[in-house]
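Worksheet: one structure, shown below.
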Amino acid sequence: MDANAIGNNTRDFCRGRYKNFVPPDGELWCEPVWDSLLCWPPTKASATTKQKCPFEDGFDTTKSVEKKCGYNGRWEGQNGTSNEEYLHGWANYTTCLTPEMLRLHGKVYTNTIEGNMKMEIAEKTRTLEFVGLSISLVALLASLAIFCRFRSLRNTRTRIHKNLFVAMVVQVLIRLTVYIDIEILRRKTYGIQRGIGNTPVLCEASYALLEYAKTAMFMWMFIEGLFLHNMVTVTVFQENSYYRIYRFVGWGCPVVMTLIWAIITAFYYHPKSNHTSEIEQVLKAVRAAVVLLPLLGITNVLFMIEAPLHNVKKFALWSYSTHFLQSFQGLFIATLYCFLNGEVRLALDKTISVYLSLRGTDLQARRQSTFSGCQPQRIASVIEMEEEEMRSSGWIRLCCRGGNTPPPDRPAE
Numbered sequence: 000m001d002a003n004a005i006g007n008n009t010r011d012f013c014r015g016r017y018k019n020f021v022p023p024d025g026e027l028w029c030e031p032v033w034d035s036l037l038c039w040p041p042t043k044a045s046a047t048t049k050q051k052c053p054f055e056d057g058f059d060t061t062k063s064v065e066k067k068c069g070y071n072g073r074w075e076g077q078n079g080t081s082n083e084e085y086l087h088g089w090a091n092y093t094t095c096l097t098p099e100m101l102r103l104h105g106k107v108y109t110n111t112i113e114g115n116m117k118m119e120i121a122e123k124t125r126t127l128e129f130v131g132l133s134i135s136l137v138a139l140l141a142s143l144a145i146f147c148r149f150r151s152l153r154n155t156r157t158r159i160h161k162n163l164f165v166a167m168v169v170q171v172l173i174r175l176t177v178y179i180d181i182e183i184l185r186r187k188t189y190g191i192q193r194g195i196g197n198t199p200v201l202c203e204a205s206y207a208l209l210e211y212a213k214t215a216m217f218m219w220m221f222i223e224g225l226f227l228h229n230m231v232t233v234t235v236f237q238e239n240s241y242y243r244i245y246r247f248v249g250w251g252c253p254v255v256m257t258l259i260w261a262i263i264t265a266f267y268y269h270p271k272s273n274h275t276s277e278i279e280q281v282l283k284a285v286r287a288a289v290v291l292l293p294l295l296g297i298t299n300v301l302f303m304i305e306a307p308l309h310n311v312k313k314f315a316l317w318s319y320s321t322h323f324l325q326s327f328q329g330l331f332i333a334t335l336y337c338f339l340n341g342e343v344r345l346a347l348d349k350t351i352s353v354y355l356s357l358r359g360t361d362l363q364a365r366r367q368s369t370f371s372g373c374q375p376q377r378i379a380s381v382i383e384m385e386e387e388e389m390r391s392s393g394w395i396r397l398c399c400r401g402g403n404t405p406p407p408d409r410p411a412e
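Here is the structure:
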């Protein structure tokens, strides 16, 4: 059984595997140790042990890594010495890195101080992504709920908006799931745990679906522009909808593109109603596009630029700006296409007005019901006590006649 297989490589497993080991008399041996990546077996003093690289992202499992036991029976550290503080010793895991990760490691760690600063920037960027993606998810779901709730918003334009929102929601959910999985595994200090990154099928499926969602999002952005073009140049004064074609292009073409991407990736990495209102709507759509399209385009262009890893300040600027725009992209789109949409605001205003009106009527009815039923016995007794007096003075007839005739003992005014 492979001691370092997924599920076996834990601190408890490592201790249990060698708990009965006893060094031979008169010989110095390094104790078995688990260094959070591999379980190292007991090794004789001044000897070197070697084993396959662990199943980690960026590691080549066909390569090997070594750890040396010092002459005094303690694992050697990075500088070739051993001490009490670092009982688990040191192993040079850079030998396990794939060529791509090795090049990236060389760019990031030009020196220790700058390397640590860049890693700190990357950690803060990930936090920024969490916040942005979460806010975008809430905004997109709220926008979808609004578009689905009101019948007055059910037209071709809002249908295209909804499809764009759905593509972005799928992308955001996958990103959040992958990021949360990474954070959970990182906080577990008991060896390699099962997760998306350590399950090849889940990992490949997740990133393939993420690529599909991204491609679908770009395609629906294109359809937004195509629909706007048709409104301006072709169908300003006619209600001619191509929604079925849009839907096929928006969700069908990304399937083909994603399949091509997946095949290439696998091959590369595994060598094994009236005219006036319509014109106004067109102008509003044009204004939204003028704001939105450069915003989305800038985000995608920035991601095409290679990260400037040679300079800490430039890397921080690139990292914060690109990931801010990407993670808050959903919020920007939901705001421009839904929250600032005049039709949406009008529909919401009507709904709120109706709700407040009904609520006010209901409160008034409750108050009247409460007043009429608060002291029924007292009201009944008052009526009984004064009924004879009211009958003799003619008030009963007054009430029965609707109040138009005065009592008999009172002259008409």
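Using numbering that gives the first Met the number 0, the first residue of the sequence shown is number 0, and each one after it goes up by one. For glycine and all other residues, C-beta sits at the position ideal for the given N, C-alpha and C.
Next item on the list: Assuming residue 42 and residue 29 form a contact by the criterion Cβ under 8 Å, report the distance between their Cβ atoms to the nearest whole angstrom.
Entry: 5 Å
Item checked: Where the alpha helix (DSSP H) containing residue 334 begins and where it ends -> In the DSSP annotation of this structure, residue 334 is not part of any alpha helix (DSSP H), being labelled neither H nor E.
Item checked: Cβ pair residue 330, residue 138 closer than 8 Å -> yes
Checklist line | 8 Å Cβ shell around residue 189 - same chain, five flanking residues per side excluded | finding: In this prediction, residue 189 scores a pLDDT of 49, lower than 50, which makes its location untrustworthy; the coordinate-derived value is nonetheless stated afterwards. 9, 10 and 11, listed in sequence order.
Next item on the list: Can you check DSSP and say which residues form a bridge with residue 49?
Entry: 65
Margin query: Contact between the stretch 346-359 and the stretch 158-174 is defined here as three or more beta-carbon pairs at a separation below 8 Å; is this criterion met?
Written below: no
Checklist line | For residue 149, the three-state DSSP class (helix, strand or coil) | finding: coil
Next item on the list: Please list, in chain order, all residues of the same chain as residue 169 whose beta carbon is under 6 Å from its beta carbon, the five residues on each side excluded.
Entry: 212
Notebook entry, point to check: Between the stretch 298-317 and the stretch 87-99, do three or more beta carbon pairs fall short of 8 Å?
Noted result: no
Next item on the list: In the DSSP assignment, find the alpha helix (DSSP H) that holds residue 11 and state where it starts and stops.
Entry: 10-16
Note to self: Spatial neighbours of residue 256 within its chain, please: C-beta separation below 7 Å, excluding the five flanking residues on both sides.
What the structure shows: Annotation for residue 256: 214 place their beta carbon closer than 7 Å to its own, counting only its chain and skipping 5 residues before and after.
Margin query: Quick check: what's the CA-CA separation for residue 349 versus residue 172?
Written below: Roughly 32 Å separates the two Cα atoms.
Item checked: Residue from 69, 302, 67 and 50 with nearest C-alpha to residue 413 -> Outside the shown range of the chain (0 to 412) lies residue 413, about which nothing can therefore be said.
Note to self: Within 8 Å, do at least three Cβ pairs link the stretch 65-76 to the stretch 112-130?
What the structure shows: no
Margin query: Using only the alpha-carbon positions, how far apart do residue 76 and residue 40 sit?
Written below: Here the alpha carbons of residue 40 and residue 76 stand approximately 17 Å from one another.
Item checked: Own chain partners of residue 134 with C-beta closer than 6 Å, once the 5 adjacent residues on each side are dropped -> 330
Notebook entry, point to check: By how many angstroms is the C-alpha of residue 54 removed from the C-alpha of residue 26?
Noted result: 33 Å
Next item on the list: For the alpha helix (DSSP H) holding residue 241, just list the boundary residues, first then last.
Entry: It is not in any alpha helix (DSSP H) - residue 241 carries neither H nor E in the DSSP assignment.
Note to self: Mapping the DSSP letters down to three states, classify residue 37 as helix, strand or coil.
What the structure shows: coil
Margin query: Pull the bridge partners of residue 96 from the DSSP assignment, please.
Written below: Note: residue 96 sits in a beta bridge opposite 58.
Check: With 16 other CB atoms within 10 Å as the buried threshold, where does residue 310 fall?
Finding: exposed
Next item on the list: Return the Cβ separation of residue 117 and residue 308 in integer angstroms, given the expectation that the two are a contact with Cβ distance under 8 Å.
Entry: 7 Å
Notebook entry, point to check: Can residue 245 and residue 159 be called in contact, C-beta distance under 8 Å?
Noted result: yes
Next item on the list: Work out the CA separation of residue 151 and residue 195 for me, nearest whole Å.
Entry: 42 Å
Checklist line | Endpoints, the alpha helix (DSSP H) within which residue 317 is located | finding: 311-326
Check: Taking the alpha-carbon positions, what's the residue 15 to residue 88 distance?
Finding: 20 Å
Check: Would you report the Cα separation of residue 38 and residue 104, rounded to the nearest angstrom?
Finding: 24 Å
Check: How about residue 128 and residue 326: are their beta carbons less than 8 Å apart?
Finding: yes
Item checked: Reference residue 229; option with closest CA among 312, 155 and 140 -> 155
Next item on the list: Determine the burial state of residue 303: buried for a count of at least 16 other Cβ atoms within 10 Å of its Cβ, exposed for fewer.
Entry: exposed
Next item on the list: Have a look at residue 31 and residue 71 and give me their C-alpha separation to the nearest angstrom.
Entry: 15 Å
Checklist line | Inter-residue Cα distance where the pair is residue 17 and residue 207 | finding: 41 Å
Note to self: According to DSSP, residue 74 sits in a beta bridge with which residue or residues?
What the structure shows: 68
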